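Scroll down for the structure; my scribbles are underneath it.
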Amino acid sequence: MSVLVDARSGQQVAARRAHATRRWLGRIPYVVLALYAVIGGVGPLLIDYDPVHVSLDDRLLRPGSHLSTGATAWFGTDGVGRDVLAQVVYGARTSVLIGVCTVAVSCLVGVAIGTVAGYFRGWPDMVLARGIDILLAFPAILLTIVIAGAFERSVLVVVVALSATAWISFARVTRSVALSIRERAWVDAARVLGVRPVSILLRHIVPFTAGPVVALATLEFALVVLAEAGLSFLGIGLPNSAVSWGQTIANGKQYLESAWWISALPGIALSLLIINIGILGDQLTARYGRGHLR
Amino acid sequence: MTRSLALPATRRTALAMLAAATMALTACSAATSGGTDSSNGEVVVAGTYPIDSIDPDGPQGGGTGPQMAEQQIFSRLVRTKPDGSLEGDLATSWKPDSTATQWTLTLRQGVKFSDGKTLTSADVVDSFKRFIDLKGTNAANFPGYTMTATSDNEVVLKASKPDAAVPRKLAVFFVLPAGVAPNDTAFFEHPVGTGPFKLEKFSPNEIALVPNPNYYGGAPKVKRVTIRKMPELASRLTALRTGEVDVAWGIPDDQLSQVESDSNLTVKTIQSSAVFTMWFNSSTPALRNAQVRRALWEAVDFPTIIKQLYPQTGSLSDSVVSPQTLGYVAQQPVKYDPAAAKAALTAAGFDFNTKLRLQFANAEFRQFNQAVVSDLEKIGVHVDLLEKEQAVFTKDLLALNWDINFQQLSNPMLDAANTIGRLYPCAAKRNGYCNPQLDKLLSEAGASSDEQERVKLYGEATQIIWQDAVGMFPMAVKYAYAWNKRLAGFSPDPNGLPDFSHLQVRS
Numbered sequence: 001m002s003v004l005v006d007a008r009s010g011q012q013v014a015a016r017r018a019h020a021t022r023r024w025l026g027r028i029p030y031v032v033l034a035l036y037a038v039i040g041g042v043g044p045l046l047i048d049y050d051p052v053h054v055s056l057d058d059r060l061l062r063p064g065s066h067l068s069t070g071a072t073a074w075f076g077t078d079g080v081g082r083d084v085l086a087q088v089v090y091g092a093r094t095s096v097l098i099g100v101c102t103v104a105v106s107c108l109v110g111v112a113i114g115t116v117a118g119y120f121r122g123w124p125d126m127v128l129a130r131g132i133d134i135l136l137a138f139p140a141i142l143l144t145i146v147i148a149g150a151f152e153r154s155v156l157v158v159v160v161a162l163s164a165t166a167w168i169s170f171a172r173v174t175r176s177v178a179l180s181i182r183e184r185a186w187v188d189a190a191r192v193l194g195v196r197p198v199s200i201l202l203r204h205i206v207p208f209t210a211g212p213v214v215a216l217a218t219l220e221f222a223l224v225v226l227a228e229a230g231l232s233f234l235g236i237g238l239p240n241s242a243v244s245w246g247q248t249i250a251n252g253k254q255y256l257e258s259a260w261w262i263s264a265l266p267g268i269a270l271s272l273l274i275i276n277i278g279i280l281g282d283q284l285t286a287r288y289g290r291g292h293l294r
Numbered sequence: 001m002t003r004s005l006a007l008p009a010t011r012r013t014a015l016a017m018l019a020a021a022t023m024a025l026t027a028c029s030a031a032t033s034g035g036t037d038s039s040n041g042e043v044v045v046a047g048t049y050p051i052d053s054i055d056p057d058g059p060q061g062g063g064t065g066p067q068m069a070e071q072q073i074f075s076r077l078v079r080t081k082p083d084g085s086l087e088g089d090l091a092t093s094w095k096p097d098s099t100a101t102q103w104t105l106t107l108r109q110g111v112k113f114s115d116g117k118t119l120t121s122a123d124v125v126d127s128f129k130r131f132i133d134l135k136g137t138n139a140a141n142f143p144g145y146t147m148t149a150t151s152d153n154e155v156v157l158k159a160s161k162p163d164a165a166v167p168r169k170l171a172v173f174f175v176l177p178a179g180v181a182p183n184d185t186a187f188f189e190h191p192v193g194t195g196p197f198k199l200e201k202f203s204p205n206e207i208a209l210v211p212n213p214n215y216y217g218g219a220p221k222v223k224r225v226t227i228r229k230m231p232e233l234a235s236r237l238t239a240l241r242t243g244e245v246d247v248a249w250g251i252p253d254d255q256l257s258q259v260e261s262d263s264n265l266t267v268k269t270i271q272s273s274a275v276f277t278m279w280f281n282s283s284t285p286a287l288r289n290a291q292v293r294r295a296l297w298e299a300v301d302f303p304t305i306i307k308q309l310y311p312q313t314g315s316l317s318d319s320v321v322s323p324q325t326l327g328y329v330a331q332q333p334v335k336y337d338p339a340a341a342k343a344a345l346t347a348a349g350f351d352f353n354t355k356l357r358l359q360f361a362n363a364e365f366r367q368f369n370q371a372v373v374s375d376l377e378k379i380g381v382h383v384d385l386l387e388k389e390q391a392v393f394t395k396d397l398l399a400l401n402w403d404i405n406f407q408q409l410s411n412p413m414l415d416a417a418n419t420i421g422r423l424y425p426c427a428a429k430r431n432g433y434c435n436p437q438l439d440k441l442l443s444e445a446g447a448s449s450d451e452q453e454r455v456k457l458y459g460e461a462t463q464i465i466w467q468d469a470v471g472m473f474p475m476a477v478k479y480a481y482a483w484n485k486r487l488a489g490f491s492p493d494p495n496g497l498p499d500f501s502h503l504q505v506r507s
């Protein structure tokens with residue numbers, strides 16, 4: 001008996017330990033993302049970088065080499081002698097900024113359209129939902145490339161081009177939430193009391209979309225950061241005066257054999273960010289996603 | 001029990017899938033490298049530029065890619081040698097009249113087309129008519145010119161005004177058999193020509209050429225030459241080192257050392273006719289003053305930029321055209337002096353708040369232009385660097401929608417008439433610069449039939465362009481060629497148009 005108890009308590013300890021480990025592992029994405037936020041926010045204050053200024057004497061130096069100015073290039077230098085570390089740090093800021101702006105814009109548009117379609121049903125829903133279906137049938141990246149390629153390169157154009165497809169998933173999720181919430185007793189009560197439709201939308205429906213929308217926003221954020229890097233890699237994203245991971249990776253393309261650090265280091269920074277946002281998004285979906293609404 | 005069974009089953013599936021994937025991959029790689037067996041006299045060339053058509057008179061016929069294929073299949077009347085001199089191809093001699101408006105060309109005797117028919121002056125005259133009528137890019141060199149046959153082996157070319165550059169201009173005119181219709185796709189699927197090769201297969205990605213037994217210079221000794229389209233630099237270099245292709249060119253300096261370290265490859269650089277040309281838009285208010293333009297030139301440290309970015313394939317240019325071009329006269333180099341430049345700009349009343357637009361196309365020139373912008377920024381001149389798509393670039397270039405324009409300007413005719421004579425008169429409206437004195441010199445140079453006289457006149461014209469800084473002319477370009485050591489008889493070409501007729505494969 002005592003042996004059995006021991007075994008059971010041993011199992012419990014192991015289970016508790018595994019649980020604790022999992023909890024700690026679950027926090028890694030928060031730590032990594034906080035690190036990116038700090039680097040993106042504070043880094044540019046500490047490291048000086050001007051994309052226009054080149055230093056040909058320092059071109060293609062290995063990570064850890066000394067520059068002609070006496071400083072050390074911890075991440076090496078690129079084809080025209082600019083510091084790769086500075087590009088990674090400034091690129092983090094650009095990526096986060098564009099990610100946040102795009103997600104905010106598409107969230108606003110998506111939630112507005114989704115709730116209106118779901119709450120009013122009838123012909124507004126018909127028009128909006130079919131519009132969403134048509135847009136979904138279109139390859140998102142293609143539409144983004146067409147929009148970004150048609151205009152002169154700028155941050156605004158990139159945000160608009162990425163938002164043009166990113167709002168769709170927000171609209172779909174909020175529409176389905178609104179469709180079920182509008183049948184609830186408190187919404188009926190509000191309607192009977194004569195509350196104006198706009199107030200019902202804002203006070204009784206939109207707050208319930210917050211959970212799934214936040215979970216979706218993190219996933220969209222990762223996709224947007226990746227898409228922005230992709231556009232800049234293709235040369236139709238941000239202007240040359242902006243620093244972007246996609247541009248830095250593209251610049252190192254021809255040096256993959258001789259100077260791997262130009263493409264590899266910003267590439268690693270990008271992958272780490274995407275992976276951690278993905279894990280965080282999964283956690284949030286598990287906690288606040290559609291299944292936990294009721 | 002079921003568990004223990006299930007595990008190997010999945011593992012077996014995984015293994016099977018892995019094996020299948022490996023087999024598929026090997027099959028794919030075998031398919032791509034197939035047909036390039038290096039032992040049987042076959043040569044594979046990596047083509048940098050697309051070859052969409054081999055009609056020399058069509059709209060694409062004048063491009064570098066098509067021209068490289070066309071010169072293997074069709075002969076010309078005259079051609080330029082790598083050193084810049086002229087040699088007869090189908091013509092054995094060419095003589096102007098006293099005013100250089102009428103040129104008499106004698107044709108080579110006994111030349112046969114690849115189908116066995118003998119070449120006559122009627123073929124040449126008909127080809128020239130087709131060339132002019134179809135208005136391809138190169139036909140613009142012959143405005144209102146006509147050709148007539150005076151006998152079976154003599155033709156006369158009549159120019160609309162005196163033109164001493166006719167023989168060099170003819171290096172872009174290809175001779176076809178008489179009677180090829182304007183859109184004769186059937187003919188160009190199985191073309192008949194007098195060149196060293198015959199077309200065996202044409203597809204946009206690959207062109208296969210086999211020797212023409214009727215070639216007047218003797219059939220080439222290789223069994224087949226394949227031109228394979230490889231626009232990506234990385235894939236060209238990999239293919240060169242694995243032996244998938246035998247010849248590649250246009251290799252940048254940063255990659256040159258890797259290619260040179262390969263013991264199977266011969267690497268050679270050759271002075272091309274190309275010069276990095278950075279025009280200032282003289283019609284822009286900020287750049288109207290020659291003092292300002294000259295000061296901007298002084299502010300850029302071109303010797304350092306060239307030493308760092310183009311140590312092997314670049315050298316400081318000392319003229320508007322390359323050294324082997326007819327009309328080349330060396331000028332005094334512009335010295336790098338940022339302090340003097342800044343002082344000159346201030347004295348000329350230059351507004352340092354203006355933002356100049358520097359436009360260029362092609363990513364290969366990005367670093368060079370970034371370095372130029374960086375140097376100008378150092379003395380407080382702000383420049384917006386605009387990298388444009390080729391089509392947009394060309395449209396903006398002609399519309400003068402730029403302040404500084406970067407171009408790698410090559411001159412396949414190796415005659416200053418084609419660059420200085422064509423681009424710098426007021427009427428050309430290419431860079432906003434207009435100088436009646438220069439116009440006079442250029443029209444005199446164009447009309448003169450005396451070569452010495454022309455060189456002298458173009459030299460004087462160059463001096464005006466150089467002193468007034470119509471543009472910056474920083475670098476003369478060399479092309480780097482690399483080819484497999486098993487090839488013999490390959491000679492690099494200054495225009496990126498190598499001749500394959502002397503190739504041989506060593507056993």
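Residue numbers (UniProt numbering), protein chains in the order written: chain A, 1 to 294; chain B, 1 to 507. Quick reminder that beta carbons are idealized off the backbone N, C-alpha and C, glycines included. On a predicted model such as this, the values are computed, not experimentally measured, just so you know.
Check this for me: beta carbons of residue i and residue j, under 7 Å apart or not?
i: residue 442 of chain B; j: residue 471 of chain B; result: no
i: residue 328 of chain B; j: residue 319 of chain B; result: yes
i: residue 500 of chain B; j: residue 225 of chain B; result: yes
i: residue 256 of chain B; j: residue 175 of chain B; result: no
i: residue 186 of chain A; j: residue 91 of chain A; result: no
i: residue 114 of chain B; j: residue 183 of chain B; result: no
i: residue 288 of chain A; j: residue 178 of chain A; result: no
Which residue marks the beginning of the alpha helix (DSSP H) containing residue i, and which one marks its end?
i: residue 298 of chain B; result: 290-298
i: residue 52 of chain A; result: Where residue 52 of chain A is concerned, there is no enclosing alpha helix (DSSP H), given that its DSSP letter is neither H nor E.
i: residue 395 of chain B; result: 390-398
i: residue 471 of chain B; result: Unbroken run through residue 471 of chain B is the beta strand (DSSP E), 471-484; no alpha helix (DSSP H).
i: residue 538 of chain B; result: Missing from the structure shown is residue 538 of chain B; chain B here goes from 1 to 507 and no further.
Considering just the uninterrupted stretch of the beta strand (DSSP E) at residue i, what are its terminal residues?
i: residue 260 of chain B; result: Premise fails: residue 260 of chain B lies in the alpha helix (DSSP H), 253-260, not in any beta strand (DSSP E).
i: residue 154 of chain B; result: 154-158
i: residue 413 of chain B; result: Neither: residue 413 of chain B is in no beta strand (DSSP E) and is coded neither H nor E.
Apart from the five residues on each side of it in sequence, which residues of its chain come closer than 8 Å, Cβ to Cβ, to residue i?
i: residue 26 of chain B; result: Bear in mind that a pLDDT of 47 at residue 26 of chain B, under 50, signals an unreliable position, so the number given afterwards is only what the model happens to contain. Counting only Cβ-Cβ distances below 8 Å, and skipping sequence neighbours, we find nothing.
i: residue 31 of chain B; result: Confidence at residue 31 of chain B is low in this model, with a pLDDT of 40, below 50, so its placement is unreliable and the value that follows should be read with caution. So no residue of the chain qualifies.
i: residue 324 of chain B; result: 83, 84, 271, 273, 414, 494
Among the residues of its own chain, which have a CB less than 6 Å from the CB of residue i, if the five just before and after it don't count?
i: residue 388 of chain B; result: 359, 361
i: residue 249 of chain B; result: 479, 481
i: residue 126 of chain B; result: 178
i: residue 165 of chain B; result: 415, 417
i: residue 222 of chain A; result: 274, 277, 278
Here's a check: name, in chain order, each residue in its chain whose Cβ is nearer than 7 Å to the Cβ of residue i, leaving out the five neighbours to either side.
i: residue 34 of chain B; result: Residue placement at residue 34 of chain B is flagged as unreliable, the pLDDT there being 39, under the threshold of 50; a coordinate-derived value is accordingly withheld.
i: residue 367 of chain B; result: 309
i: residue 164 of chain A; result: 143, 144, 147
With 8 Å as the C-beta to C-beta threshold (strictly closer), list the residues of the stretch 251-282 of chain B near chain A in chain order. Cβ contacts with chain A: 252, 254, 255, 258.
Decide yes or no for the touch test of the stretch 132-152 of chain A against the stretch 187-205 of chain A: beta carbon pairs closer than 8 Å, at least 3 of them. Because the criterion of three Cβ pairs below 8 Å is not met, the stretch 132-152 of chain A and the stretch 187-205 of chain A do not touch.
Check whether the stretch 216-232 of chain B touches the stretch 196-204 of chain B, taking contact to mean three or more Cβ pairs, one atom from each stretch, closer than 8 Å. At 8 Å Cβ cutoff, the stretches touch.
Do three or more CB pairs link the stretch 355-364 of chain B to the stretch 382-400 of chain B at distances below 8 Å? Look at the beta carbons and you see the stretch 355-364 of chain B touching the stretch 382-400 of chain B: at least three pairs across the two are nearer than 8 Å.
Could you name the residues of the stretch 310-337 of chain B whose beta carbon sits closer than 9 Å to any beta carbon of chain A, in the order they occur along the chain? Within the stretch 310-337 of chain B, no residue qualifies.
Would you be able to state if there are at least three C-beta pairs under 8 Å between the stretch 187-195 of chain A and the stretch 153-173 of chain A? Here the stretch 153-173 of chain A makes no contact with the stretch 187-195 of chain A; the two share fewer than three CB pairs at distances below 8 Å.
Under 8 Å, with one C-beta from each stretch per pair, do the stretch 254-271 of chain A and the stretch 406-426 of chain B reach the 3-pair mark? They do not touch, by the three-pair rule.
Does the pairing of the stretch 98-107 of chain A with the stretch 74-81 of chain A give three or more beta-carbon distances under 8 Å? No: fewer than three Cβ pairs fall under 8 Å.
Below 8 Å between beta carbons is the criterion; list the residues of the stretch 229-245 of chain B that meet it against any residue of chain A, in chain order. 233, 234: these are the residues of the stretch 229-245 of chain B whose beta carbon lies less than 8 Å from some beta carbon of chain A, given in chain order.
Touch test, the stretch 467-487 of chain B against the stretch 347-355 of chain B, Cβ-Cβ under 8 Å, three pairs minimum: With a cut-off of 8 Å, the stretch 347-355 of chain B and the stretch 467-487 of chain B do not count as touching, because too few Cβ pairs lie within range.
Just by C-beta distance, which residues in the stretch 66-100 of chain A are closer than 8 Å to chain B? Within the stretch 66-100 of chain A, the residues whose Cβ lies closer than 8 Å to any Cβ of chain B are, in chain order, 79, 80.
Report yes or no: do the stretch 44-57 of chain A and the stretch 237-255 of chain A share at least 3 C-beta pairs separated by less than 8 Å? The stretch 237-255 of chain A and the stretch 44-57 of chain A touch, with three or more beta-carbon pairs separated by less than 8 Å.
Give the residues from the stretch 246-271 of chain A that approach chain B closer than 9 Å (Cβ to any Cβ), ordered along the chain. Cβ contacts with chain B: 250, 251, 253, 254, 255, 256, 257, 258, 259.
For the structure I just gave you, are there three or more beta carbon pairs, one from the stretch 227-235 of chain B and one from the stretch 41-54 of chain B, closer than 8 Å? Yes, since at least three Cβ pairs between the stretch 227-235 of chain B and the stretch 41-54 of chain B fall closer than 8 Å, the two stretches touch.
Output, in sequence order along the chain, the residues in the stretch 352-384 of chain B whose CB is closer than 7 Å to any CB in chain A. Within the stretch 352-384 of chain B, 367, 370, 371, 373, 374, 377 place their CB atoms closer than 7 Å to a CB of chain A, listed in sequence order.
Does the structure place the stretch 282-301 of chain B close enough to the stretch 399-406 of chain B that three or more beta carbon pairs sit under 8 Å? Because the criterion of three Cβ pairs below 8 Å is met, the stretch 399-406 of chain B and the stretch 282-301 of chain B touch.
Residues of the stretch 62-74 of chain B whose Cβ lies closer than 9 Å to any Cβ of chain A, in chain order: Listed by position, the residues of the stretch 62-74 of chain B near chain A (Cβ gap below 9 Å) amount to none.
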